[in-house]
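Q: Submitted below is the structure of interest, expressed as structure tokens.
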Amino acid sequence: GAGVSQSPSNKVTEKGKDVELRCDPISGHTALYWYRQSLGQGLEFLIYFQGNSAPDKSGLPSDRFSAERTGGSVSTLTIQRTQQEDSAVYLCASSLLRDSVGTDTQYFGPGTRLTVL
Amino acid sequence: SQELEQSPQSLIVQEGKNLTINCTSSKTLYGLYWYKQKYGEGLIFLMMLQKGGEEKSHEKITAKLDEKKQQSSLHITASQPSHAGIYLCGADGWGTYKYIFGTGTRLKVLA
Numbered sequence: 081g082a083g084v085s086q087s088p089s090n091k092v093t094e095k096g097k098d099v100e101l102r103c104d105p106i107s108g109h110t111a112l113y114w115y116r117q118s119l120g121q122g123l124e125f126l127i128y129f130q131g132n133s134a135p136d137k138s139g140l141p142s143d144r145f146s147a148e149r150t151g152g153s154v155s156t157l158t159i160q161r162t163q164q165e166d167s168a169v170y171l172c173a174s175s176l177l178r179d180s181v182g183t184d185t186q187y188f189g190p191g192t193r194l195t196v197l
Numbered sequence: 355s356q357e358l359e360q361s362p363q364s365l366i367v368q369e370g371k372n373l374t375i376n377c378t379s380s381k382t383l384y385g386l387y388w389y390k391q392k393y394g395e396g397l398i399f400l401m402m403l404q405k406g407g408e409e410k411s412h413e414k415i416t417a418k419l420d421e422k423k424q425q426s427s428l429h430i431t432a433s434q435p436s437h438a439g440i441y442l443c444g445a446d447g448w449g450t451y452k453y454i455f456g457t458g459t460r461l462k463v464l465a
């Protein structure tokens, strides 16, 4: 596709259940980012992938959060034993490259709105 | 503490009016990005500024980067209802892998 896509667009789950959020980056983009946007809050960085590896996982809120990326393309963000405070919009972005000097422009997907009841 | 502060937090203007949104950093800015967010559409990239004094325009939106003041401003000329949304500034995480965003400015344009 032409842009970053995310699925599902909306997810309602019960507290304690596991959820998987998917991100399809723009073809050819080597860097992929996950963010979280809670109601009334700014964007919170979660994790960054360069290819299939994640140099920095320190933004993940707890060990219930994990992410992987396969084939340098699709990424999955998994939240285990969801809690109500996990309710937020989860945004994915990709960029063409990221080097030691700086970043390349990030392009965002429409997000997945997660509601934990 | 918030490293990118935006002002104002919200703004309501009459259609046709000009407006300015500011983004101030607590650290040296090496590059700054402006995005617009509308409900259900994620973030839309507007422009990137990398050099001090740099100014870029996208349709009726102009952004400038003042490295000395560690500040960027986004100016909209002759605002239209289509400009409504949340404007976010973002910056590279100062040598980390984290990408920092400002708190956002919510713009409403009255027809």
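Chains G and D, in that order, are what the protein sequence lines are.
Here the first sequence is numbered in our numbering, starting from 81 and rising by one per residue.
Here the second sequence is numbered in our numbering, starting from 355 and rising by one per residue.
Even glycine gets a Cβ: it sits at the ideal position worked out from N, Cα and C.
(1) Which residue comes first and which comes last in the beta strand (DSSP E) that contains residue 398 of chain D?
(2) With distance defined between alpha-carbon atoms, name the residue in G/121, G/143 and G/153 nearest to residue 130 of chain G.
(3) In this structure, does DSSP put residue 135 of chain G in helix, strand or coil?
(4) Given a threshold of 16 other Cβ atoms within 10 Å of its Cβ, counted over all protein chains shown, does residue 180 of chain G qualify as buried or as exposed?
(5) Give me the chain G residues within the contact set of residue 457 of chain D, using Cβ-Cβ distance strictly less than 7 Å, ordered along the chain.
(6) Determine the chain D residues that contact residue 101 of chain G at a beta-carbon separation under 7 Å, and present them in chain order.
(7) Using 10 angstroms around the beta-carbon of residue 412 of chain D, count the other beta-carbons present and answer buried if the total reaches 16, otherwise exposed.
(8) Assuming contact is defined by CB atoms lying nearer than 7 Å, are residue 427 of chain D and residue 376 of chain D in contact in what I supplied?
(9) For the 8 Å Cβ check, are there 3 or more pairs between the segment 363-378 of chain D and the segment 125-140 of chain G?
(10) Leaving out the 5 sequence neighbours to the left and right, which residues in its chain are closer than 6 Å to residue 97 of chain G when beta-carbon positions are compared?
(11) For residue 400 of chain D and residue 457 of chain D, what's the separation of their Cα atoms in angstroms?
(12) Does the beta carbon of residue 401 of chain D sit closer than 7 Å to a beta carbon anywhere in chain G?
(13) Taking 7 Å as the threshold (beta carbon to beta carbon), is residue 191 of chain G in contact with chain C?
(14) Are at least three pairs of beta-carbons, each pair with one atom in the segment 429-444 of chain D and one in the segment 188-197 of chain G, less than 8 Å apart?
(15) Here's the rule: buried if 16 or more other CB atoms are within 10 angstroms of the residue's CB, otherwise exposed. What is residue 368 of chain D?
(16) Go to residue 390 of chain D, then tell me how far its beta strand (DSSP E) extends in each direction, as first and last residue.
(17) Please list the residues of the segment 385-398 of chain D that have a C-beta atom closer than 8 Å to any C-beta atom in chain G, keeping them in chain order.
A: Reading from the atomic positions:
(1) Sequence index remark: in the second sequence, residue 398 of chain D carries index 44 (1-based). First-last of the beta strand (DSSP E) with residue 398 of chain D: 397-403.
(2) As a first step, residue 130 of chain G must be located in the first sequence, where it is residue number 50. When each option's Cα is compared against that of residue 130 of chain G, the closest is G/153.
(3) Within the first sequence, the letter at position 55 stands for residue 135 of chain G. Looking at residue 135 of chain G - three-state DSSP - the assignment turns out to be strand.
(4) Counting from one through the first sequence, the residue named residue 180 of chain G turns up at place 100. Caution applies to residue 180 of chain G, whose pLDDT of 49 falls short of 50 and renders its modelled position unreliable; the value that the coordinates give is listed next. Exposed, by the Cβ-count rule.
(5) Here residue 457 of chain D refers to the residue found at position 103 of the second sequence. 122, listed in chain order.
(6) Working through the first sequence from its first residue, we reach residue 101 of chain G at position 21. Correct list: empty, because the minimum Cβ distance to chain D is about 13 Å.
(7) Within the second sequence, the letter at position 58 stands for residue 412 of chain D. Result: exposed.
(8) As a first step, residue 427 of chain D is located in the second sequence; it is residue number 73 there, counting from the start. As a first step, residue 376 of chain D is located in the second sequence; it is residue number 22 there, counting from the start. Cβ distance < 7 Å, so residue 427 of chain D and residue 376 of chain D count as in contact.
(9) The segment 363-378 of chain D vs the segment 125-140 of chain G: no contact.
(10) Here residue 97 of chain G corresponds to residue number 17 of the first sequence, with the count starting at 1. These residues qualify, in order along the chain: 162.
(11) As a position in the second sequence, residue 400 of chain D is number 46, starting the count at 1. As a position in the second sequence, residue 457 of chain D is number 103, starting the count at 1. Their backbone Cα atoms lie some 17 Å apart in a straight line.
(12) Here the question's residue 401 of chain D lines up with position 47 in the second sequence. For residue 401 of chain D, the answer is no, since every Cβ of chain G falls outside 7 Å of its Cβ.
(13) Reference to chain C is not applicable here, since the protein chains of this structure are G and D.
(14) no
(15) Residue numbering aside, residue 368 of chain D sits at position 14 when the second sequence is read from its first letter. By the 10 Å Cβ count, residue 368 of chain D comes out exposed.
(16) Taking the first residue of the second sequence as position 1, residue 390 of chain D is located at position 36. Where residue 390 of chain D is concerned, the enclosing beta strand (DSSP E) stretches over 386-391.
(17) Here the close residues are 385, 387, 389, 394, 395, 396, 397 and 398.
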